[in-house]
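Data first, discussion second: the structure below is written as structure tokens.
In my numbering, the protein residues as written are 4 to 661.
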């Protein structure tokens, strides 16, 4: 830019033709508008005066357009629009389509800043039409992409893609590699928004090829690599995503682009979370956090805090999760306030442009309305904070109640089973302990005095009976010990540390463990299994799936307590990429009037003997796995709970744990 400025200064010094000199001076104003706006402002006023004195309409129009550009840099949008409108009048009078096309484009930019997309499209399309008439292909390529970007902001994906594709086709026809790369970036972005990850990947890879072979630009290459990483992440090819995000991160560091560094670090952290490599995820997310906070960028901080919140939540570190959730909420409120302030400023500018004749009165009313809205916003924010705190507290209490209820029932069952085992061992030991010792004196007495051996035979027969009793007691003790060991193993499987690990579990095995743990209350019930295969597997935690069966078995046992021929029927089969379980009993049934309420937290029909969290826990677990539940119940005939779970838990949502 400095070279252009010095060259223009030299050309102006040498130029003697007045209109040509004005054209060169207007070009110099444009070059100075960003680097030295004060000099540009002084110069453009002088140039406009000379052009007007000469009656040079195009030169004067160019000066007004430059004034508008300087106003944009000063955020004086209403003044910019006034200058652009004056330039348009002059260009029309002079029949200068090139000047009109450029100024309409500038007008579109103004309305885009003002978030007035309808007017933005109006002026962009006017500029496009004129650019087509004068065959300005480079401007057409840019405008087509700009129009596509506006439609993307309006969430009109179909129109956005249409204009981006037109921009790409035109850029390809004229070997405009920069235009091609920009259009491909835009297409990748909009298709990624549609979750069309493979299409987005194809666009990003094509853009990368052009940059590497025809249009060397480190910034564009960084954007390509980032776009490829985003598409691979959408395709759940996380290792490949990390590779390209790392390349983009390295380039962003070379370019000293801290914003892109934060984005790249967070995206890599998210990929490591998806790969369950939490240490790596934490490392990158912490780097992103430090950099975002050093930049004091609340927008970047929000996304990083959200990622750290989910990471700690998955690690069950509730204290850290809540701390980041709080930071996320505080940053979000700050950003909302900033955006609110920005939108308010834009509304004020639009008001100045469109309603200038009533400016004072409407401005006063607008300020009053803004104060009212701000007060409402403050009140709403406060209410949201209070409501959120109440929800978190309520959720924590509910989950603690679920845990206490589940552990209470398991403790009762396990205590009963262990007591039974100990009772069997104790009675066996007592029988063995009280068995008379071998009477050696009697044996010797018989040896000396019982010539025919009658007394000895009787004694030995009695002794053999006593030994048989000892053997029977020993076998009983062994069975009790095996039963106790089995109970402990089943308990560890369903509530121990291993029960919280996400992995492949055998559904039938988990069900039978749940049955064994509740055997005392299920002993009189006929349990009928209709199982498609013994090897039905899911990706889940054994603790959560075991809890499903424990809840259903407990409820069925209660429903069948007064039935003379109690029966539970369990059917398991693969269905629609998952496993369908139909759990039926022939018990008392659930009244229709309460069927809609049974999954609500703390709802119970069992009085104070129940916590009322069983079926709400059941539903929470099913929902967490993106499963489905169906209930069918008839009074006096029984109840069927049908639930379906996907085989793969990749879609499993985060469940608040405490």
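Ideal Cβ placement from N, Cα and C applies to all residues, glycine included.
One or two residues paired with residue i in a DSSP bridge
i, result
"residue 510", "DSSP output for residue 510 lists no bridge partner at all."
"residue 587", "572, 643"
"residue 529", "570"
"residue 582", "577, 648"
"residue 534", "575"
Contact check, residue i vs residue j, beta carbons under 9 Å
i, j, result
"residue 67", "residue 116", "no"
"residue 54", "residue 25", "yes"
"residue 506", "residue 543", "yes"
"residue 625", "residue 551", "yes"
"residue 102", "residue 144", "no"
"residue 263", "residue 300", "no"
"residue 237", "residue 188", "no"
"residue 204", "residue 186", "no"
"residue 85", "residue 72", "no"
"residue 258", "residue 294", "no"
"residue 586", "residue 603", "no"
"residue 521", "residue 557", "yes"
"residue 265", "residue 298", "yes"
"residue 569", "residue 527", "yes"
"residue 133", "residue 100", "yes"
"residue 281", "residue 318", "yes"
Where the beta strand (DSSP E) containing residue i begins and where it ends
i, result
"residue 543", "540 to 543"
"residue 642", "641 to 649"
"residue 636", "631 to 637"
Local Cβ density within 10 Å of residue i, reported as buried at 16 or more and exposed below that
i, result
"residue 614", "Because residue 614 sits at a pLDDT of 41, beneath the cut-off of 50, its placement in the model cannot be relied upon, and the following sentence gives the value as read from the coordinates. When all chains shown are included, residue 614 counts as buried."
"residue 126", "buried"
"residue 508", "buried"
"residue 183", "buried"
"residue 376", "exposed"
"residue 647", "buried"
"residue 110", "buried"
"residue 76", "exposed"
"residue 545", "buried"
"residue 177", "exposed"
"residue 7", "exposed"
"residue 364", "Unreliable placement is indicated for residue 364, whose pLDDT of 46 sits below 50; no coordinate value is reported for it."
"residue 129", "buried"
"residue 630", "buried"
"residue 651", "exposed"
"residue 578", "exposed"
"residue 360", "Here residue 360 scores only 36 on pLDDT, less than 50, and its place in the model is too uncertain to base an answer on."
"residue 148", "buried"
"residue 324", "buried"
"residue 56", "exposed"
"residue 636", "buried"
"residue 619", "buried"
"residue 96", "exposed"
"residue 610", "Because the pLDDT of residue 610 is 46, which lies under 50, any placement of that residue in the model is unreliable, and the question is left without a value."
"residue 28", "buried"
"residue 549", "buried"
Boundaries of the alpha helix (DSSP H) in which residue i is found, first to last residue
i, result
"residue 40", "40 to 57"
"residue 133", "120 to 136"
"residue 247", "241 to 257"
"residue 272", "261 to 277"
"residue 157", "Run containing residue 157: none; DSSP gives neither H nor E here."
"residue 200", "200 to 216"
"residue 194", "180 to 196"
"residue 306", "301 to 317"
"residue 71", "60 to 76"
"residue 82", "80 to 97"
"residue 229", "221 to 237"
"residue 296", "281 to 298"
"residue 114", "100 to 116"
Given 8 Å, three or more beta-carbon pairs between the stretch 271 to 285 and the stretch 312 to 324: Inter-segment contact for the stretch 271 to 285 and the stretch 312 to 324 is present: three or more beta-carbon pairs are separated by less than 8 Å.
Three CB pairs or more closer than 8 Å across the stretch 8 to 23 and the stretch 40 to 49: no
Cβ contact check for the stretch 141 to 160 and the stretch 189 to 204: 3 or more pairs under 8 Å: Yes, since at least three Cβ pairs between the stretch 141 to 160 and the stretch 189 to 204 fall closer than 8 Å, the two stretches touch.
Given 8 Å, three or more beta-carbon pairs between the stretch 207 to 218 and the stretch 239 to 246: no
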